[in-house]
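The working numbering applies: residue 106 is where the sequence shown begins, and numbers increase by one.
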Amino acid sequence: NQITTKDAFPLPRIDDIYDQLTTATYFTKFDFKAGYFQVPLDKSDRPKTAFSTRDGHFQFKVLPQGLTNGPPTFQRIVNQ
C-alpha cells in the first residue's frame, strides 16, 4: 500500500447522497457487503496480493478488502 500510486477517483460524500435521495421517487437496495469480491483482478496484479500461511502460498483472484485503491476502484464500477 505504501508504494502504490493512489487513485484519485472521488468517493461521494454522504451528505451529497442524502441530498440526492430527497428528490427520489423510487429506491433500490443493494447489498455491497461482498461487493469487492465480485471485482476480478487482472492476472498480472494477483501476485501483488500474495501471502503465505502454514497451509501454503495464496493470492487473490478478486479485489480484497484493505487495498489502498480498493474503494476508488469499487466506486468507479458502481458509478458505471
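Using N, Cα and C, we set each Cβ at its ideal position, and we do this for glycine too.
Just so it is clear, the structure is predicted and the values come from calculations on it, not from any experiment.
Between residue i and residue j, what straight-line distance do the alpha-carbon atoms span, to the nearest angstrom?
i      : j      : result
His162 : Ala113 : 32 angstroms
Lys134 : Gln164 : 31 angstroms
Tyr141 : Phe179 : 7 angstroms
Ile108 : Tyr131 : 43 angstroms
Pro117 : Ala139 : 19 angstroms
Arg159 : Pro145 : 26 angstroms
Phe137 : Lys148 : 24 angstroms
Gln125 : Phe156 : 41 angstroms
Is the Cβ-Cβ distance between residue i and residue j less than 8 angstroms?
i      : j      : result
Leu172 : Asn106 : yes
Asn174 : Lys111 : yes
Asp166 : Arg151 : First, the amino acid is wrong: residue 166 is Lys here, not Asp. Yes, Cβ-Cβ distance for Lys166 and Arg151 is below 8 angstroms.
Counting contacts by CB-CB distance shorter than 8 angstroms, is residue i in contact with chain D?
i      : result
Phe179 : Protein chains in the displayed structure number just one, and chain D is not present.
According to DSSP, is residue i part of a helix, a strand, or is it coil?
i      : result
Val144 : coil
His161 : Strictly speaking, residue 161 in this sequence is Gly, with His absent from that position. If DSSP states are grouped into helix, strand and coil, Gly161 belongs with the strands.
Phe179 : helix
What span of residues does the alpha helix (DSSP H) with residue i cover, start to end?
i      : result
Gln170 : Counting along the chain, Gln170 falls outside any alpha helix (DSSP H), and DSSP gives it neither H nor E.
Tyr123 : 119–126
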